[in-house]
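Novice: Every letter in the sequence shown is one number past the one before it in my numbering, and letter 145, counting from 1, is 195.
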Amino acid sequence: MQIKLPMMTMSMDLDGALANLRQSKRAALISEQGGVYHLFSAGSIVVGRSRGIKTLADLKVDPRSSPPPTVMPLIAKPKTKQIVSSQRDRLPSGRTGKRKTTKATVDDVVGRSGNYVLGRIVGKNAFIGLLDADLVDKYVSSPSDCYCDGPRHHDSFTVVVRDGDQCPYKDGHKIVCAR
51 MQIKLPMMTM SMDLDGALAN LRQSKRAALI SEQGGVYHLF SAGSIVVGRS RGIKTLADLK
111 VDPRSSPPPT VMPLIAKPKT KQIVSSQRDR LPSGRTGKRK TTKATVDDVV GRSGNYVLGR
171 IVGKNAFIGL LDADLVDKYV SSPSDCYCDG PRHHDSFTVV VRDGDQCPYK DGHKIVCAR
């Protein structure tokens, strides 16, 4: 499945990135550095901001954070389709028709090169292919206000949580809020 995520530079500060996510009503963004594309979730941005990290580039190399997933670019390997002529008797001996070359699509590549595949970039948006329907639902929604600062960045709670509270999942982590 393809989704549209905002594209930002690695030098973008985390406050600006979070504001952009709220404006675009997405919970993840794509950033490029040296031809490599990275996916940053709103949870990792909020937790990084609470740790004093300033930019996406700093968040990427922070040893306390897990590295952001790499989004594989869609490699346009041509595939051929056979076009069979209904007039076989008119074709020269040994020829069966014409070949038409087409580009590979995101659906052809997703699953073979990881969980995330970059389809195309249009303006300040990137279209990526995802296999996991739960991630699709998570990323196309608006970012949550509060996250657990643990490695999973829980963002759905059955109780009301505030900044600094213990995580209700009792995993030993604290709640970090974006506002």
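Heads up, the beta-carbon is just placed ideally off N, CA and C, and yes, glycines get one too. What you are looking at is a predicted structure, and each value in this text was computed from that prediction instead of being measured.
Using 7 Å as the threshold, is the C-beta distance between SER81 and MET51 below it?
Specialist: no
Novice: Classify ILE95 as helix, strand or coil using the three-state DSSP reduction.
Specialist: helix
Novice: Rounded to whole angstroms, what's the CA-CA distance from LEU55 to MET122? Just pull it up for me.
Specialist: 15 Å
Novice: Considering just the uninterrupted stretch of the alpha helix (DSSP H) at GLY169, what are its terminal residues?
Specialist: That residue, GLY169, is in no alpha helix (DSSP H); its beta strand (DSSP E) goes 166-172.
Novice: Considering only C-alpha positions, which residue in the set MET58, LEU89, GLY93 is nearest to SER192?
Specialist: GLY93
Novice: Keeping to the same chain, check which residues put their C-beta closer than 8 Å to that of ALA107; ignore five residues upstream and five downstream.
Specialist: MET60, SER61, GLN83
Novice: CB LEU89 to CB ALA78, shorter than 7 Å?
Specialist: Yes; because the gap between Cβ atoms is below 7 Å, this pair is in contact.
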